[in-house]
Structures are given as C-alpha cells and as structure tokens.
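Asker: For what it's worth, the numbering used here labels the leading residue of the sequence shown as 1452, then goes sequentially. Note that beta-carbon positions come from the ideal geometry of N, C-alpha and C, so glycine has one too. For reference, the structure I am asking about is given below.
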Amino acid sequence: MYKLHTGIDTAGNAGDPIYAAADGIVLESQPASGYGWIIILDHGSGLTTLYAHMYPHTVRVQKGDYVERGQRIASVGSNGYSTGPHNHFEVRKQGRLQNPLKYLK
C-alpha cells in the first residue's frame, strides 16, 4: 500500500550522499515525527527545501550553517516512517508546498 505524501522520494542505497539543492542556510537539523531526521534549508525569497529519513550520524550540517549547492549535507537512510533507504525531498514557497519536480534539473 502506498500513501500520498508531500514530496518526492528518490531511492538509493544507505550511505549514498544527499546534496543541497541550492545555496542556503540550515534552518533545522533535527528529528521530526515520521520523517526520522530532517534537514531544512532556507534559500531566500521564501523558498525552503526539506530532506528526510537520514540517520543522525550521517548528518554533516547543523542549524545556522551556510551550505552551497551540491554540498553533501547527509547520507541516504531509512529512519522514521520508511520502507527502505531513500531521500524524501520537499520544496515550499512562502510555506506552501510546491511540486519539487519544477525545481529540479
């Protein structure tokens, strides 16, 4: 059974790198119910991205850090509500969910 949710999932092997989608500041790097460990980046102009399900020991950033596009921020995991290793990715504009595919090349 599949459950609709708020982003896209990209499959991977545990330990595969997760990279920042764009330059930004780390707003959150902490556990979150259902998501396991999350990282939220603020890219300015009301745009944020969320990455989820990584294991805490793989996280390479903390709240307040500046990150550059393509910088490794963590590794793929299967923490929280997860059926296997993957990265859950969300995009929000002014707090409203966006279709992440519109922001990916």
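Using DSSP bridges, identify the partner residues of Y1502.
Answerer: I1490, F1540, per the DSSP bridge assignment.
Asker: Can you confirm whether the stretch 1464-1472 touches the stretch 1480-1487 when touching is taken to mean that 3 or more C-beta pairs between the two stretches lie within less than 8 Å?
Answerer: no
Asker: Terminal residues of the continuous beta strand (DSSP E) containing S1480?
Answerer: 1475-1483
Asker: So, are the CB atoms of N1538 and G1463 less than 8 Å apart?
Answerer: yes
Asker: Taking C-beta to C-beta, are F1568 and I1476 nearer than 8 Å?
Answerer: For residue 1568 there is no data in the structure shown, the boundaries of the chain being 1452 and 1556.
Asker: Report the CB separation of A1525 from V1510 in whole angstroms; it is logged as a contact under 8 Å.
Answerer: 5 Å
Asker: Spatial neighbours of Y1517 within its chain, please: C-beta separation below 7 Å, excluding the five flanking residues on both sides.
Answerer: I1476
Asker: Give the secondary structure of L1552 by DSSP, where H, G and I count as helix, E and B as strand, and everything else as coil.
Answerer: helix
Asker: Hey, how far is the Cα of G1567 from the Cα of D1474?
Answerer: What the structure shows of the chain is the stretch from 1452 to 1556, and residue 1567 is not part of that stretch, so it cannot be assessed.
Asker: Could you please give me the residues that DSSP links to T1461 through a beta bridge?
Answerer: N1538
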